[in-house]
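**Student:** Below is the structure I would like to discuss, written out as structure tokens.
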Amino acid sequence: MECTEVFGWLSAWLDGELEPEEARRVEEHLAGCGRCRRERALLAATSRAVRALPPETVAEGFDARLRRRLAADTAARSLHRRRLPALALGAAAVLALAVLGVPRRSEAPRPAAARAAPT
Amino acid sequence: MAPKDETPPALASGQASDEELARRFATGDAGAFDELLSRHRDALFRFVRWSLGAARDEAEDVTQDVLVEIYRSLPRFEGRSRLRTWMFGVARNVCRHRRRSLRRASSNPTQSVGSGEALRDLPDGSVDLDGALERREIQEAVGLAIEGLSPEHRSAVLLRDIEGLSYEEIAEVLGIPLGTVRSRLHNGRLALAGRLFRLGRNRGGDDGMH
Chain E
1 MECTEVFGWL SAWLDGELEP EEARRVEEHL AGCGRCRRER ALLAATSRAV
51 RALPPETVAE GFDARLRRRL AADTAARSLH RRRLPALALG AAAVLALAVL
101 GVPRRSEAPR PAAARAAPT
Chain U
120 MAPKDETPPA LASGQASDEE LARRFATGDA GAFDELLSRH RDALFRFVRW
170 SLGAARDEAE DVTQDVLVEI YRSLPRFEGR SRLRTWMFGV ARNVCRHRRR
220 SLRRASSNPT QSVGSGEALR DLPDGSVDLD GALERREIQE AVGLAIEGLS
270 PEHRSAVLLR DIEGLSYEEI AEVLGIPLGT VRSRLHNGRL ALAGRLFRLG
320 RNRGGDDGMH
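Chains E and U supply the protein sequences, listed in that same order. Note that my numbering gives residue 27 to position 27 of the first sequence, counting from 1, and the numbers run on in steps of one. So my numbering is basically just the index in the second sequence, starting at one, shifted up by 119.
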């Protein structure tokens, strides 16, 4: 196995994510190649350095802020659900008017007074 | 023998699994969501922060969006993957939408070292990364180096090295093939190693250390 091939597999080897046969070939190569062993050491040190970072956490008050948002969201969705039947009814009425009830312009022109009247 | 994969800490005896909590939530147990929140909110926050390269406040805002979306969608969770993986997937989608609308502060460096920069091009002395930086400086240096990675590399490295996901889980969260997970992680670590080496060398040159 060539250095270039092993090199691409080193991270996965370090993570124990190679197939057994792949891992065996990498290990065989590492046993006889100092340069790849140094590269393995550097990759491992990099991974260790990342793992050693103190895990960041959210600031205090995050959960309370989220709960307020969830409560508002739930209330808004509940209101929407309650309004939905009324909206559907309204839409049906508009549709019915459009199909059946509104006179065609050529048949019944609206008087100017009616157009100006507030609705 | 290859090193063993790190698995997430096991649940304490009697503690409900994430998936069980999701089922309870779907049947009206609001407390189940609180438990999931306390288990996963910080990991989701870190994922958002690393994915977007965002400041803390901004990352918290986006994490709130993620959790609202999880709250809405959780009753529809079908259990085809682990809940944790599914939640990271929700976070990834929210971040993707957010990224389009974010105006990134110009102070946030986004260029990466590039996968073509092999460690073999660095001098042999670079192997001693642990010694190149004073231990108290390592965390700061690692943070700076991580900021310089591309979002793709940052996400992969975080999910593996901080959150301990398997390659298969990372592939699922990021929506990429397993082979791409391998190369992203590898190239991400290479880029990180290169940056850490340069930081260590620069600091050593600046103050005469090492």
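Using N, Cα and C, we set each Cβ at its ideal position, and we do this for glycine too.
(1) At what residue ranges does the segment 49-97 of chain E contain a whole run of the beta strand (DSSP E), taking only runs of 3 or more?
(2) Using a C-beta to C-beta distance shorter than 8 Å, which residues of chain E count as neighbours of I257/U?
(3) Report buried or exposed for A260/U, applying the criterion of at least 16 other Cβ atoms within 10 angstroms of its Cβ.
(4) With distances taken from CA atoms, which of R219/U, L193/U, S220/U is nearest G208/U?
(5) Using 8 Å as the limit for Cβ to Cβ distance, is S78/E near chain U?
(6) Consider the Cβ of L70/E: report whether some Cβ of chain U lies at a distance smaller than 8 Å.
(7) Mark G313/U as exposed unless 16 or more other C-beta atoms lie within 10 angstroms of its C-beta, in which case mark it buried.
(8) Give the secondary structure of E19/E by DSSP, where H, G and I count as helix, E and B as strand, and everything else as coil.
(9) Starting from H159/U, find everything on chain E with Cβ-Cβ shorter than 9 Å and list it in chain order.
(10) Buried or exposed: R211/U, going by 16 or more other Cβ atoms within 10 Å of its Cβ?
(11) Can you tell me whether M328/U is buried or exposed, with buried defined as 16 or more other CB within 10 angstroms of its CB?
(12) Any chance you could list the alpha helix (DSSP H) runs of at least 4 consecutive residues sitting entirely within the segment 244-316 of chain U, in chain order?
(13) Suppose you measure from the CA of W169/U to the CA of S78/E; what does that come to, to the nearest Å?
(14) Would H305/U count as contacting chain E if we go by Cβ distances under 8 Å?
(15) Using beta-carbon positions only, say whether A275/U and L304/U come within less than 8 Å of one another.
(16) Give the straight-line distance between the Cα atoms of F62/E and R35/E, rounded to the nearest whole angstrom.
(17) Of the choices L89/E, V6/E, A72/E, R68/E, whose alpha-carbon is the least far from that of R38/E?
(18) Need the endpoints of the alpha helix (DSSP H) that D184/U sits in, please.
(19) Just checking my contact of F164/U with E179/U at CB under 8 Å: how many whole Å lie between their CB atoms?
(20) Alpha carbon to alpha carbon, how far is E188/U from D161/U? Give it in angstroms, no decimals.
(21) Quick check: is the beta carbon of F144/U nearer than 8 Å to any beta carbon in chain E?
(22) Please classify T4/E as buried or exposed, where buried requires at least 16 other C-beta atoms within 10 Å of its C-beta.
**Tutor:** Taking the definition as stated:
(1) none
(2) A49, A52
(3) Under this definition A260/U is a buried residue.
(4) L193/U
(5) no
(6) yes
(7) buried
(8) coil
(9) Chain E residues near H159/U: none, gap ~11 Å exceeds 9 Å.
(10) buried
(11) Bear in mind that the predicted position of M328/U carries a pLDDT of just 34, short of 50, making it unreliable; the figure below should be weighed with that in mind. That one is exposed.
(12) 248-251, 254-266, 270-276, 286-293
(13) 35 Å
(14) yes
(15) Annotated as proximal: A275/U and L304/U, with beta-carbon spacing under 8 Å.
(16) Answer to the nearest angstrom: the Cα atoms are 48 Å apart.
(17) Closest option to R38/E, Cα to Cα, is V6/E.
(18) 175-192
(19) 7 Å
(20) 16 Å
(21) no
(22) Flag for T4/E reads exposed.
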